[in-house]
Structures are given as C-alpha cells and as structure tokens.
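Enquirer:
There are 4 protein chains.
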Amino acid sequence: MYNYNIGVIGGSFADKKYCNIAYEVGKKLAENNCAVFCGGKEGIMECVSHGVHDSNGMVVGILPGENRMEGNKYLSLTIPTGIGYMRNFLIIRASDAIIAIEGYSGTTSEAAFAITEGKTVVSIGNLQIKTKDTDGKLVHENDPEKAVEIAIQEAKNFVEKFH
Amino acid sequence: MYNYNIGVIGGSFADKKYCNIAYEVGKKLAENNCAVFCGGKEGIMECVSHGVHDSNGMVVGILPGENRMEGNKYLSLTIPTGIGYMRNFLIIRASDAIIAIEGYSGTTSEAAFAITEGKTVVSIGNLQIKTKDTDGKLVHENDPEKAVEIAIQEAKNFVEKFH
Amino acid sequence: MYNYNIGVIGGSFADKKYCNIAYEVGKKLAENNCAVFCGGKEGIMECVSHGVHDSNGMVVGILPGENRMEGNKYLSLTIPTGIGYMRNFLIIRASDAIIAIEGYSGTTSEAAFAITEGKTVVSIGNLQIKTKDTDGKLVHENDPEKAVEIAIQEAKNFVEKFH
Amino acid sequence: MYNYNIGVIGGSFADKKYCNIAYEVGKKLAENNCAVFCGGKEGIMECVSHGVHDSNGMVVGILPGENRMEGNKYLSLTIPTGIGYMRNFLIIRASDAIIAIEGYSGTTSEAAFAITEGKTVVSIGNLQIKTKDTDGKLVHENDPEKAVEIAIQEAKNFVEKFH
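Just so you know, the sequences run in chain order A, B, C and D.
1 is the number of the first residue of the first sequence in the numbering used here; add one for each residue after it.
1001 is the number of the first residue of the second sequence in the numbering used here; add one for each residue after it.
2001 is the number of the first residue of the third sequence in the numbering used here; add one for each residue after it.
3001 is the number of the first residue of the fourth sequence in the numbering used here; add one for each residue after it.
Here you go:
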C-alpha cells in the first residue's frame, strides 16, 4: 500500500519551467511512496506522470473520456470515466492533499473544490483563490521538494483528522 | 417551456444586502421566463428561490443529499443527488449561463468550472478568478437587473453557438 | 410544489402498445400532481412526456449529453448532464418511486439500482430482476392507472420512512 | 502497465463457495497482469482483493464513501468517491470487461449497465438479465479459470474495437 494519495493538478499546457517542476514533484512523491492522482492527459499531467514513472512509482490517470488510450504514456493505471471535466472532482475526492502547478480555470475549479472539501492545496505558481474560507487551506510554496513535504504532512493531518 | 436555464450560485450564508440582491435576481429571472437552477439550500440559494417563488417562477434545487426534504421551502422542484458538493457541477451543466452572488470557495469552484465548460459567469460581489482563460467569460455587474440582462444575453449566445 | 417525484423509465424504442401505456401513465401522474422524471429522449421517454404535457403537468428530462436541444419536444424542463448513461442513476436518485415500462438492459440497470437504493419499482411489461433483495421492491402491474396508484402509495411510504 | 482493466463485481456478502471462487479469479487475473477494479468493501470484493494481493497484483477499490479507510485490507489502491452506490458505474466505466460473481440487485444493476455500455459480463453464479440486447454480452461460465480467460479475450476485443 502507498502512504498517501496525492493529487497533482495543472493545465494541459505547460512551459518548460513548470514541466520540470512537475517532473520533480512526481519523482519526490514516488520516492516518498505516495500514489499520485492526476487527469492523465498532456501538459502538467504528463510531466508529473513522467517523473513518477522514472522513479518507478504509481501514477493514476482519471480520464475525462471513455477511452483508456487517451491517457499519456507514463501512467501506471488508466481510469476512464466518461464524465468530461467533472472527472476533476473525482481526483480531489481520491486525494488526501493536492499540489497545484500553474493552470487555468480548470485548475482553479479543482483547487477551490478541494478547499470546500476540507483538503489542503499546495500551490506552485500562479493559483489565486481569495475567499474567506481558504485561510490555511491554500499554501504557496514554489520549491518542488518543499511543496511535496508540505503536501505529505497535510495528507497525514487529513487522514488522522478524518479517521 | 422556459426561455433559458440560468444557474444562480452563492454561499449558504448571505448577509441582508446580498440576500436582497439574490431575491431581486430571482424575481427578474422569473419575470423573463427563465428556469432558475440553484443548490436548493440556505443563504443565497434560499434568497434567490424566494424571489422566483414570489414571481410564480420555476426554481429547481439540485440537492447534495438523498433527501428531498433538505431543500428550502421556496423551491418548485427538489432534485436530490446524493453526491455531496459534486452536485455543484450538475448545476453548471444544467445552465446556459450563471449568475454568481458573493460566496466562498464552493462558489469559486462552480464559477471556474462554468468558465472551463465555456459558459459565462456574471458576478455580483466579490468573486475573483484570475487565469488567462477567463477573459470575457467572467463579467462583473453589481446591479441585479443589469446582471440578469447580461446573463440572459449570454445564455442566448451559448445556446445559439452550441446548437 | 408537486406531491411526489416519480421516475418513469423505459427504452428509447417503444411499440404502439407500450407507447400508449406510457402516455396514459404520464397523464395520470400529472393529474395526481406528481413531477415526472425521465431520460428526456425518444421511445418510452417521449411517450410519457407527451402524456404529462397533454395534462399540463411537469416532466423533467435528465439528458445524457451537454446539449439541452437533444430533449424531446414535450419536456417542461431539460437538464443536460454530460455524463452519458450514468444520468440514469440521477433519475433514480431524484425519484421517490419508479415506474418501469418495458425496456432493455439500460432499464434493468436503472430499476435494479432503484431497488439497491431502497425505492420501489412498479413494472409494466417485461422487466425481470431475480435477486434475493428484490422481494416487495419490484411490483408487477400492467394496468397503467393501477401502476400509477401503487407508485404514488410507494412514494408516500418512501418519503415518510426516510424523513 | 497492466494488460487490461477487469472489473469484478458481486455482493458484500459471500458464502465460502463463492468467496473461494472470487479468490481464484483474483489470483488468475493478477497472474495475467490485469489490473482488477472492485467496490473495495467486504464479501466478494474482499475475497477477490485477497486473491490479487496473494499474487502480488494490482487491485483498486472504488469506494462509495469519502473515507479511504473504509476499504478492505487487501487493496493496492483506495479511491474514495463520496457518491454512494453510484460508484458502481465508475467501476464499469473503468473496466474493459467484467466478471460478476453471484450478487444481488446492486450487481445486477452494474452488470446491466456494463451491457448498455457495450462491455461483456462473464457471470459466475446466479446473475440473470433477460433483455433483447444482452445476447452475446452476458456469458455464463462457472469455472473461475475459464471465466478469467473469456474476460481477458473480451477485454482484448473491446479495446481493439473501441480504438
């Protein structure tokens, strides 16, 4: 069994800088025996999957379509859902804590949903959610190694509090 | 049949100012023969339902639980889902355009999801989503009558573009 | 407000006999002030919608796609979901009791799910579910007027028991 | 990567005979490098998980609640969903082919949904679905080794046809 389920979210486009960060995040999560959940497609999703893959870890793609083949080539497991972008919220439900790397409205939506569900989001990059109930639930940390450390600690807190 | 499906989203707590605005929004939507979709509970959801009710309109509560009785007393129809806050995204899927009134992380999540799905959000109050893909899809308008006008125009555009 | 939410399920193809029955079921449900939930498409779904429509009732189409225009022309409300046939289970969640009219594997799936969720299915036609937990939850009644009466009584029991 | 995703469905109660069969099915699927998807709880779900576990395979529990701890102790991965029994249909969406072992209305519902979605169900035990569209999609085979062989062949056909 894996220590924690960590969701990694971000856009389907990623520039070189954030792709490298996502790759590092994936490697570190795998080295810490975490199962990584993502949307399974391109961009940040593919970069984090690549990192997990290169550390022989577990990376699960929760896919929007009904076709397993739409997943990127680094995934350990492909889970088609057929519910489109609503699959984003299954990633959040599956995860004990979340790391958000850059991203657009889809990432904002997922991250805000995580906060609504009482889970912590560690943000690397531009994510901004300014509502009264985000205090302490949205943590900004641009160093990938430290972001992984915080996410694991928050996952531990979540699992202990919840159970 | 109703002209358009308009989603009205906002927090389960509402102060007097925003409750009055939500009530006005509900009245105007009903007067324009729109079916109103909301989360069916308290706060902004109840205030908008009240306004629709007082104009003899149609207001649908998409409920988080499995119990129809959890809906507020102004709803025309109660639709329990049993999927918790994931029901938020069914409200967005059901709607041609959205009006967001204040709100917290849950409202941010819904609004950002709407933008991801190509639907316009008219914001009354504090909502902020700052990603590159929101341009033109998030409109700020604090006057309830004008917000309803914009939402109806955007719903019209959405239906025409999509079909 | 409507007295009960009644789901009417059945195939997207219907021969004349069962279409007439579905039409009668729709009329009777509307005359008894029930909101009718269905899949919103052709076949049995369209026939029951027609009946509700001709009695000025409320018939809601929970649609598989993201396009409101895919609903049949008799619907009072169109609710697109974008989750494909998984929308079948939202119809069951929305309903206090279910009437199944003929149908194929999709109808069997919905009816069995209703039983799993503790709701009664009144079957007109060929539906067969032979498991140990269906006793009393699957009622066969081929007369549409009597089937509606039973469904309303079971909806009443469900609402009272649950609340 | 695993060769195929195979869903194994069945009741949350299992007598010794069917528990042993489920265990054998789990072992054989793991030996054939298939990822096994199940509901993650007791009964048949636990027995099949045990078999996969003892062959060092991959068994994923798609859980009804929001709590990862509700899964049985043999699971490789726990995926909480918070959507109750609607999680059944995510198991079907995730799978290329399905093996049904005994079961009640919940299993019938899942199996019928699989058929609706064009996937083959191999039934060990009592499952009966008698609709016109099940022909060839519901295969009865009580020998666990042969049932696994058929399921893998059908998964292969599904993946090839779909892609």
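All C-beta atoms, glycine included, are put in the ideal place defined by N, C-alpha and C.
Between which two residues does the alpha helix (DSSP H) harbouring Leu2164 (chain C) extend?
Expert: Beyond the ends of chain C as shown, which are 2001 and 2163, falls residue 2164 (chain C); an answer cannot be given.
Enquirer: Name the residue from B:Val1121, B:Ile1150 and B:Met1045 whose alpha carbon lies nearest to the alpha carbon of Lys1137 (chain B).
Expert: B:Val1121
Enquirer: Helix, strand or coil for Cys3034 (chain D)? Go by DSSP, reduced to three states.
Expert: coil
Enquirer: Taking all protein chains shown into account, decide if Lys28 (chain A) is buried (16 or more other Cβ within 10 angstroms of its Cβ) or exposed.
Expert: Taking a 10 Å sphere around the C-beta of Lys28 (chain A), we find 16 or more other C-beta atoms and assign the residue as buried.
Enquirer: Quick check: the region 3045 to 3063 of chain D against the region 64 to 72 of chain A, are at least 3 beta-carbon pairs closer than 8 Å?
Expert: Contact between the region 64 to 72 of chain A and the region 3045 to 3063 of chain D is absent: fewer than 3 CB-CB pairs across the two stretches fall below 8 Å.
Enquirer: Gly84 (chain A) versus chain C: which residues are under 9 Å apart at the beta carbon?
Expert: What Gly84 (chain A) touches in chain C: Glu2066, Gly2082 and Ile2083.
Enquirer: In terms of residue numbering, what span does the alpha helix (DSSP H) encompassing Leu1990 (chain C) cover?
Expert: What the structure shows of chain C is the stretch from 2001 to 2163, and residue 1990 (chain C) is not part of that stretch, so it cannot be assessed.
Enquirer: Which same chain residues, not among the five before or five after Tyr3002 (chain D), have their C-beta less than 8 Å away from its C-beta?
Expert: Asn3033, Cys3034, Ala3035 and Met3058
Enquirer: Apart from the five residues on each side of it in sequence, which residues of its chain come closer than 6 Å, Cβ to Cβ, to Glu2154 (chain C)?
Expert: Ala2097 and Thr2120
Enquirer: For a contact meaning CB atoms closer than 9 Å, what does Asn2005 (chain C) contact in chain B?
Expert: Neighbours of Asn2005 (chain C) on chain B, chain order: Arg1068, Leu1077, Thr1078, Ile1079 and Pro1080.
Enquirer: The alpha helix (DSSP H) with Ile3097 (chain D) in it runs from where to where?
Expert: According to the sequence provided, residue 3097 (chain D) is Ala. The question's Ile does not apply to it. Taken as a continuous stretch (DSSP letters only), Ala3097 (chain D) belongs to no alpha helix (DSSP H), being part of the beta strand (DSSP E) at Ala3097 to Ile3101.
Enquirer: Among C:Ala2100, C:Glu2024, C:Asp2133 and C:Ile2092, which residue has its Cα nearest to the Cα of Thr3107 (chain D)?
Expert: C:Asp2133
Enquirer: Given Arg93 (chain A), which residues of its chain have a CB within under 8 Å of its CB, disregarding the five upstream and five downstream residues?
Expert: Glu117
Enquirer: By how many angstroms is the C-alpha of Cys1038 (chain B) removed from the C-alpha of Val1148 (chain B)?
Expert: 15 Å
Enquirer: Within 8 Å (strictly less), CB to CB, does Ala1035 (chain B) reach chain C?
Expert: yes
Enquirer: Can you name, in chain order, every residue of its own chain whose Cβ lies under 6 Å from the Cβ of Gly2043 (chain C), other than the five neighbours on each side?
Expert: Gly2011, Ser2012, Phe2013 and Ala2014
Enquirer: Less than 8 Å between CB atoms is the rule here; does Met45 (chain A) satisfy it with respect to chain D?
Expert: no
Enquirer: Alpha carbon to alpha carbon, how far is Gly7 (chain A) from Ile152 (chain A)? Give it in angstroms, no decimals.
Expert: Our two residues, Ile152 (chain A) and Gly7 (chain A), have alpha carbons roughly 11 Å apart in a direct line.
Enquirer: Any heavy atom of the ligand GDP closer than 7 Å to the Cβ of Lys1130 (chain B)?
Expert: As far as ligands go, the structure on display features none, and thus does not contain the ligand GDP.
Enquirer: At a CB-CB cut-off below 7 Å, which residues of chain A make contact with Leu3090 (chain D)?
Expert: Thr81
Enquirer: Grouping DSSP H, G and I as helix and E and B as strand, with all else coil, what is Met58 (chain A)?
Expert: If DSSP states are grouped into helix, strand and coil, Met58 (chain A) belongs with the strands.
Enquirer: Taking Asn1072 (chain B) as the reference, give the member of B:Ile1083, B:Met1086 and B:Gly1051 with the closest Cα.
Expert: B:Gly1051
Enquirer: Taking 7 Å as the limit between beta carbons, can you name the residues of its chain near Ile3021 (chain D), skipping five residues before and five after?
Expert: Ile3101, Ile3124 and Pro3144
Enquirer: Rounded to the nearest angstrom, what separates Ser1109 (chain B) and Leu2090 (chain C) at their Cα positions?
Expert: Between the C-alpha atoms of Ser1109 (chain B) and Leu2090 (chain C) there is a straight-line separation of about 22 Å.
Enquirer: For Lys130 (chain A), go through chain B and note every residue whose CB falls closer than 7 Å to its CB, in chain order.
Expert: Under the 7 Å cutoff, chain B gives Gln1128.
Enquirer: Leaving aside the five residues before and after Ile3079 (chain D) along the sequence, list all residues of the same chain whose C-beta is less than 7 Å from its C-beta, in chain order.
Expert: Excluding its 5 nearest sequence neighbours in each direction, Ile3079 (chain D) has C-beta neighbours in its own chain below 7 Å: Val3060, Gly3061, Ile3062 and Leu3063, listed in chain order.
Enquirer: Quick one: measure Cβ to Cβ for Asn2005 (chain C) and Ser2095 (chain C), integer angstroms, because I've assumed they're closer than 8 Å.
Expert: 5 Å
Enquirer: Specify the secondary structure class of Gly3026 (chain D) as computed by DSSP and reduced to three states.
Expert: Helix.
Enquirer: For Asp3133 (chain D), go through chain C and note every residue whose CB falls closer than 8 Å to its CB, in chain order.
Expert: Tyr2104 and Ser2105
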